[in-house]
Amino acid sequence: MKAFSNKKKLRSYREFLYILPFIILVAIFSYYPLYGWAYAFYDYVPPNQPTVADPIFKWFQKLFSNEVQIKNTVRVLRNTFAISGINLLCSWFPMIFAVFLNEIKCRPFKKFVQTVTTLPNFISWVLVFSIAFNVFSTTGVVNEVLKGLGLIEQPINFLQSSDHMWFKMWLWNTWKNAGWAAIMYIAAITGIDEEMTEAARVDGASRMQIIRHITIPSILPTYFVLVMLNIANFLSSGMEQFYVFQNSFNTDAIEVLDLYVYNTAMQGGYSLATAISILKTIVSVVLLVVTNKISKKARGEGFI
Amino acid sequence: MKKKESVKKTHYKVSFGDRLISVVTYFIYSIFAFVCAYPFYYIFINSISNNDLSKRGKVLFWPREIHFNNYVQTLGLEALPNAFKVSVARTVIGTIFTVVIAAFLGYMFTRETLWMRKFWFRFVAVTMYFNAGVIPWYLTMAKLGLTDNFWGYILPTAVAPFYIILCKTFVESVPKELQSAAEIDGAGTLRIFFNIIIPVIKPILATVAIFAAVAQWNSFQDNLLLITQNTKLNTLQMVLYNYINSASSLKALVSSTTSGASLAASLATAATATSIRMTVTIIVVTPIILVYPFFQKYFTKGIMIGAVKG
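Protein chains in written order, with the working numbering: chain A, 167 to 470; chain B, 40 to 349.
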């Protein structure tokens with residue numbers, strides 16, 4: 167009996183040895199970098215050796231130290247809140263997109279629309295920017311058409327201005343993601359009981375009434391989860407989209423938190439950038455826990 | 040079946056309002072489709088049209104004076120074939136790593152015999168929800184010698200918790216008897232994985248592979264952060280980004296490709312900054328456009344399973 171349990175133990179250790187290399191990879195690439203948070207408490211300008219910051223929270227205080235920095239901090243936070251806020255406020259768009267797409271009875275057309283509108287989700291932000299550059303450049307199709315229609319005399323330099331930047335960023339984000347985001351709702355709609363809609367139809371309900379009283383209520387739970395996830399990621403707008411669209415004319419309006427961290431670091435502000443990262447992570451984790459709690463309360467299960 | 044359909048149709052009649060909705064819907068969705076598809080088409084027709092017309096913005100709806108010189112010239116640029124190789128290499132190697140590891144760990148985390156199974160699973164899964172930030176990550180990579188190093192593209196994303204969870208869920212849905220029967224026959228942990236698990240979970244592996252491949256092909260941020268000296272390791276995304284942003288270097292490129300090649304090269308086919316930009320864009324986007332329609336069902340499946348989990 168003892169030999170048997172020993173053998174079992176041996177196997178469980180051996181199986182652990184199989185996964186050990188991958189556990190080490192996770193430790194190195196996900197856990198070990200956390201140690202780098204220490205740089206927020208040091209003065210670190212490579213290639214010099216880091217020295218302990220004095221006072222210890224120097225870099226955290228620096229964010230609100232002088233007028234210029236405060237202005238910067240407020241500006242970056244305003245950009246982040248505005249862009250994430252617009253995205254959150256318009257997060258119903260993919261849902262409505264799915265609802266009315268479902269109303270299209272011609273299957274080939276439906277399939278075509280679905281394929282074409284989900285495609286942009288799979289190209290990189292660099293490619294999106296390249297498309298924007300080509301389509302909206304001074305000799306691009308948009309300016310040519312506007313000129314042809316006699317709406318403008320001089321071509322507009324769309325990409326080199328900070329006008330309506332938040333809205334433009336939302337538009338590009340929607341162009342890239344909406345079709346893909348709609349797929350989840352389309353699946354949810356497919357799951358609706360046919361008999362329910364059929365019964366409503368027999369009772370003389372119009373399509374709008376069916377949409378309002380059957381379709382939308384049945385996919386609201388899905389929407390709710392996505393809104394919660396959106397809130398949890400409020401500060402993490404990512405940097406790629408904003409990095410590629412960034413130029414010297416629009417930086418003021420486009421610099422969100424993630425991009426600001428990168429730009430600060432590139433100017434040598436390693437310690438300051440790390441301090442911002444830490445603050446961001448703390449807020450994000452709090453948001454995640456709170457939204458998960460709300461989700462648990464509202465529908466009995468969280469999303470973590 | 041036919042009969043049922045006809046019965047359905049006579050049950051209610053289509054009101055004017057419903058018909059109006061139909062018309063409006065078709066119209067609006069045609070616009071959506073156009074907005075998503077036209078930019079690709081626009082860039083494509085420009086890349087094969089008379090370069091002079093294209094530069095002046097005269098090619099809008101159909102190609103004019105078709106030629107393929109741009110592709111010949113662009114593929115002759117120094118940076119491009121190399122970047123193409125790097126992009127293909129990281130996509131292939133990175134995908135293999137991610138998929139194999141996701142399958143293996145997904146399987147191992149279902150094995151109750153594994154030492155401290157629950158703990159290790161959480162140890163991996165929780166990394167989805169935090170990251171240290173750009174600077175600490177970069178400094179770690181520098182310390183490991185992974186800056187200016189091809190493996191910097193592969194190793195950090197090799198263990199992908201989300202895909203591991205997908206695989207684990209799938210393995211759990213496979214009847215346990217399959218494994219225990221093999222065990223009685225004397226198959227070890229690894230034998231079961233290769234001979235039994237892999238063939239069964241192929242569908243989910245296809246989904247994971249397609250997502251991992253697209254992510255690798257599109258990846259830009261790691262290139263931006265990690266490659267500082269060794270520009271030979273730049274990917275297509277980076278090269279394209281540089282072409283868009285540095286008009287001056289592009290001009291030098293243009294003159295170097297045209298001057299030597301043939302002074303006689305007419306205005307129509309000589310490379311311009313616009314033509315190179317558009318041609319490279321098409322080259323970078325083509326693999327995605329070719330792959331996407333055929334694998335759409337795998338993509339769709341991916342988001343479904345993710346949704347159930349999420």
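Even glycine gets a Cβ: it sits at the ideal position worked out from N, Cα and C.
Every value quoted in this text rests on a predicted model; they were computed, and no experiment measured them.
Ala441 of chain A and Phe226 of chain A: beta carbons closer than 7 Å? As a working mapping, residue 441 of chain A is identified with position 275 in the first sequence. As a working mapping, residue 226 of chain A is identified with position 60 in the first sequence. Cβ distance < 7 Å, so Ala441 of chain A and Phe226 of chain A count as in contact.
Report the residue from A:Asn416, A:Leu454, A:Asn429 whose alpha carbon sits nearest the alpha carbon of Trp482 of chain A. Because chain A spans 167 through 470 in this model, residue 482 of chain A falls outside it and cannot be assessed.
What does a CB cutoff of less than 6 Å around Tyr202 of chain B pick up in its chain, not counting 5 residues either side in sequence? The residue labelled residue 202 of chain B in the question sits at position 163 within the second sequence. Exclusion of the five residues before and after Tyr202 of chain B leaves Ala141, Val247 as the residues of its chain whose Cβ lies within less than 6 Å of its Cβ.
Does the count of Cβ pairs from the segment 226-241 of chain B and the segment 180-194 of chain B closer than 8 Å reach three? Taking a contact to require three or more Cβ pairs closer than 8 Å, the segment 226-241 of chain B and the segment 180-194 of chain B do not qualify as touching.
Flag this pair as yes or no: are the beta carbons of Phe302 of chain A and Phe324 of chain A separated by less than 7 Å? Within the first sequence, residue 302 of chain A is the residue found at index 136, counting from 1. Within the first sequence, residue 324 of chain A is the residue found at index 158, counting from 1. It is a contact, given that the beta carbons lie within the stated cut-off.
Give the range of the alpha helix (DSSP H) segment to which Glu310 of chain A is assigned. By one-based count along the first sequence, residue 310 of chain A stands at place 144. Annotation: the continuous alpha helix (DSSP H) that includes Glu310 of chain A extends over 307-314.
Touch check for the segment 307-324 of chain B and the segment 85-105 of chain B: three-plus C-beta pairs under 8 Å? Yes, since at least three Cβ pairs between the segment 307-324 of chain B and the segment 85-105 of chain B fall closer than 8 Å, the two stretches touch.
When DSSP builds the beta bridges, which residues end up paired with Asp209 of chain A? The sequence position of residue 209 of chain A within the first sequence is 43, counting from 1. Bridge partners of Asp209 of chain A: A:Thr217.
Trp203 of chain A touches chain B at which residues, Cβ-Cβ below 7 Å? Position 37 of the first sequence, counted from the start, is the residue given in the question as residue 203 of chain A. Contacts between Trp203 of chain A and chain B, judged by CB atoms closer than 7 Å, involve Ala171, Pro175 in chain order.
Cutting at 6 Å between CB atoms, please list the residues of its own chain near Ile223 of chain B, excluding the five before and the five after it. The count along the second sequence starts at 1 and reaches residue 223 of chain B at position 184. Scanning its chain for C-beta atoms nearer than 6 Å, with the 5 sequence neighbours on each side dropped, one finds no residue around Ile223 of chain B.
Which residue comes first and which comes last in the alpha helix (DSSP H) that contains Cys206 of chain B? Counting from 1 along the second sequence, the entry for residue 206 of chain B is found at position 167. Element bounds for Cys206 of chain B: 200-212.
By the 8 Å beta-carbon criterion, what residues does the segment 168-190 of chain A contribute toward chain B? Answer in chain order: Lys174, Arg177, Ser178, Tyr179, Arg180, Glu181, Phe182, Tyr184, Ile185, Phe188, Ile189.
Using three-state DSSP, classify Lys97 of chain B as helix, strand or coil. The count along the second sequence starts at 1 and reaches residue 97 of chain B at position 58. In this structure, Lys97 of chain B counts as coil in the three-state DSSP scheme.
By the 10 Å Cβ neighbour count, where 16 or more other Cβ atoms means buried, how is Met350 of chain A classified, buried or exposed? Numbered from its first residue, the first sequence carries residue 350 of chain A at position 184. Only buried fits Met350 of chain A, as 16 or more other CB atoms lie within 10 angstroms of its CB.
Output needed for Phe209 of chain B: all residues of its chain with C-beta closer than 6 Å, excluding positions within five of it in sequence on either side, in chain order. Position 170 of the second sequence, counting from 1, holds the residue named residue 209 of chain B. Same-chain partners within the cutoff: Ile240, Ile243.
Where does Thr304 of chain A sit, in a helix, a strand or coil, going by DSSP? The count along the first sequence starts at 1 and reaches residue 304 of chain A at position 138. Thr304 of chain A: coil per DSSP, three-state reduction.
Unbroken alpha helix (DSSP H) run spanning Cys75 of chain B, endpoints: Residue 75 of chain B sits at position 36 when you count from the first residue of the second sequence. Cys75 of chain B -> alpha helix (DSSP H) spans 55-86.
Let me see if you follow: with CB-CB separation under 7 Å, is Gly299 of chain B close to chain A or not? Walking along the second sequence from the start, residue 299 of chain B turns up at place 260. In this prediction, Gly299 of chain B scores a pLDDT of 47, lower than 50, which makes its location untrustworthy; no coordinate-derived value is stated.
What would DSSP say about Met155 of chain B, mapped onto helix, strand or coil? By 1-based counting over the second sequence, the position of residue 155 of chain B is 116. Residue state for Met155 of chain B is assigned as coil, using DSSP reduced to three classes.
Residues of chain A with a CB under 8 Å from the CB of Cys75 of chain B: which are they? The sequence position of residue 75 of chain B within the second sequence is 36, counting from 1. Residues of chain A with a Cβ closer than 8 Å to the Cβ of Cys75 of chain B are, in chain order, Val282, Thr283, Leu285, Pro286, Trp341, Gly345.
In chain A, which residues lie with their C-beta within 8 Å of the C-beta of Ile140 of chain B? Locating residue 140 of chain B in the second sequence gives position 101, where the first residue counts as 1. Under the 8 Å cutoff, chain A gives Phe188.
So for Tyr331 of chain B, helix, strand or coil by DSSP? Your numbering for residue 331 of chain B matches position 292 in the second sequence. The answer is helix: DSSP assigns Tyr331 of chain B an H, G or I state.
Neighbourhood of Ala252 of chain B by C-beta distance below 6 Å, restricted to the same chain and skipping five residues each side: Looking up residue 252 of chain B in the second sequence gives position 213. Once the five neighbours on either side are set aside, the close Cβ partners of Ala252 of chain B are Thr130, Thr134.
Using 7 Å as the limit for Cβ to Cβ distance, is Ile235 of chain B near chain A? Taking the second sequence and counting its residues from 1, the one referred to as residue 235 of chain B is at position 196. No, its Cβ sits nowhere closer than 7 Å to a Cβ of chain A.
In whole angstroms, what is the alpha-carbon distance linking Val173 of chain B and Thr430 of chain A? Locating residue 173 of chain B in the second sequence gives position 134, where the first residue counts as 1. Locating residue 430 of chain A in the first sequence gives position 264, where the first residue counts as 1. Their Cα atoms are separated by approximately 11 Å.
Contacts that Phe278 of chain A makes with chain B (C-beta to C-beta distance below 7 Å): In the first sequence, counting from the first residue as 1, residue 278 of chain A sits at position 112. Listed along the chain, the chain B residues whose CB falls inside 7 Å of the CB of Phe278 of chain A are Ala72.
Quick check: is the beta carbon of Gly56 of chain B nearer than 7 Å to any beta carbon in chain A? In the second sequence, the residue the question calls residue 56 of chain B occupies position 17. Chain A, which has a Cβ nearer than 7 Å to the Cβ of Gly56 of chain B, makes this yes.
Leu302 of chain B versus Gln112 of chain B - alpha carbon distance: Here residue 302 of chain B corresponds to residue number 263 of the second sequence, with the count starting at 1. Here residue 112 of chain B corresponds to residue number 73 of the second sequence, with the count starting at 1. Annotation note: pLDDT 44 at Leu302 of chain B (below 50); position unreliable, no value reported.
When the cut-off is 7 Å and only beta carbons count, does Pro216 of chain A lie next to chain B? Within the first sequence, numbered from 1, the residue matching residue 216 of chain A stands at position 50. For Pro216 of chain A, the closest Cβ of chain B is not nearer than 7 Å.
Between Lys428 of chain A and Arg58 of chain B, what straight-line distance do the alpha-carbon atoms span, to the nearest angstrom? Counted from its first residue, the first sequence places residue 428 of chain A at position 262. Counted from its first residue, the second sequence places residue 58 of chain B at position 19. For the record, residue 428 of chain A in the displayed sequence is Tyr; it is not Lys. Taking the straight line joining both Cα atoms gives about 53 Å.
Kindly list the residues whose CB is nearer than 7 Å to the CB of Thr239 of chain A, restricted to its own chain and excluding five residues on each side of it in sequence; keep chain order. The residue you call residue 239 of chain A lines up with position 73 of the first sequence. The answer, listed in chain order, is Leu229, Phe230.
Return yes when the Cβ of Ala245 of chain B is within less than 7 Å of the Cβ of Ile235 of chain B, no when it is not. Indexing the second sequence from 1 puts residue 235 of chain B at position 196. Indexing the second sequence from 1 puts residue 245 of chain B at position 206. In this structure, Ala245 of chain B does not lie closer than 7 Å to Ile235 of chain B by Cβ.
Label Thr318 of chain B either buried or exposed according to how many other C-beta atoms from any shown protein chain fall within 10 Å of its C-beta, with 16 as the threshold for buried. Stepping through the second sequence from its first residue, residue 318 of chain B is reached at position 279. Buried, because 16 or more other Cβ atoms sit within 10 Å of the Cβ of Thr318 of chain B.
Give me, in chain order, the residues of the same chain whose beta-carbon lies closer than 8 Å to that of Ile397 of chain A; leave out the 5 immediate sequence neighbours on both sides. Taking the first residue of the first sequence as 1, we reach residue 397 of chain A at position 231. Its chain contains Leu254, Leu453, Thr457 as the residues whose beta carbon lies nearer than 8 Å to that of Ile397 of chain A, once the 5 sequence neighbours on both sides are disregarded; these appear in chain order.
Provide the residue span of the alpha helix (DSSP H) that contains Ile279 of chain A, from first to last. Residue numbering aside, residue 279 of chain A sits at position 113 when the first sequence is read from its first letter. As written in the sequence, residue 279 of chain A is Val, which differs from the Ile given in the question. 273-284 is the extent of the alpha helix (DSSP H) around Val279 of chain A.
DSSP three-state label for Arg465 of chain A, please. Within the first sequence, numbered from 1, the residue matching residue 465 of chain A stands at position 299. The answer is helix: DSSP assigns Arg465 of chain A an H, G or I state.
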